[in-house]
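Under the numbering used here, think of the first position of the sequence shown as 2, with each following residue one higher. The beta carbon of each residue, even a glycine, is placed where N, CA and C say it ideally should be. Predicted, not measured: the structure shown is a model, and the values here were computed from it. The block underneath contains the structure these notes are about, expressed in structure tokens.
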Amino acid sequence: PSREEREAGFYDVLFIGSNANGDTLRVGVKGDRDPGYGSTSRMITEAAVCLLQDAKDTVGGIWTPASAMGTPLRERLQKNAGLTFSVEAGG
2 PSREEREAGF YDVLFIGSNA NGDTLRVGVK GDRDPGYGST SRMITEAAVC LLQDAKDTVG
62 GIWTPASAMG TPLRERLQKN AGLTFSVEAG G
């Protein structure tokens, strides 16, 4: 996509999960750029900076980004990468 298309793109995704007891959780993720190019590059950059600055004490092994960086990564993505997150129990 062109630069204009990447900058005009966006996404709004809703994940719904439930457990055996019937409890549900709804998680929304929104991004203000094209998800394939505009948003992904920002996520990778913020994850790299977060890993260097905010997750220095994470010991070796195989980690998902959320497990290794958690709240600091979410905060960086919201502040610098144009993402918003919402979490709602039930419904």
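Asked	Found
Quick check: what's the CA-CA separation for VAL14 versus VAL88?	12 Å
So is ARG34 buried or exposed if we call it buried at 16+ other beta carbons inside 10 Å?	buried
In whole angstroms, what is the alpha-carbon distance linking ALA67 and ALA48?	10 Å
Is there contact here, the segment 71 to 85 with the segment 15 to 33, by at least three beta-carbon pairs under 8 Å?	yes
Could you check whether ALA56 and MET44 sit closer than 8 Å to each other, using their CB atoms as the reference points?	no
Is the distance from the Cβ of ARG7 to the Cβ of TYR38 below 8 Å?	yes
In whole angstroms, give me the CA-to-CA distance for GLY61 and LEU74.	18 Å
If you compare alpha carbons, which of THR65, ASN20, SER40 and THR59 is closest to GLY10?	SER40
Identify the continuous beta strand (DSSP E) that holds ARG27 and give its terminal residues.	25 to 32
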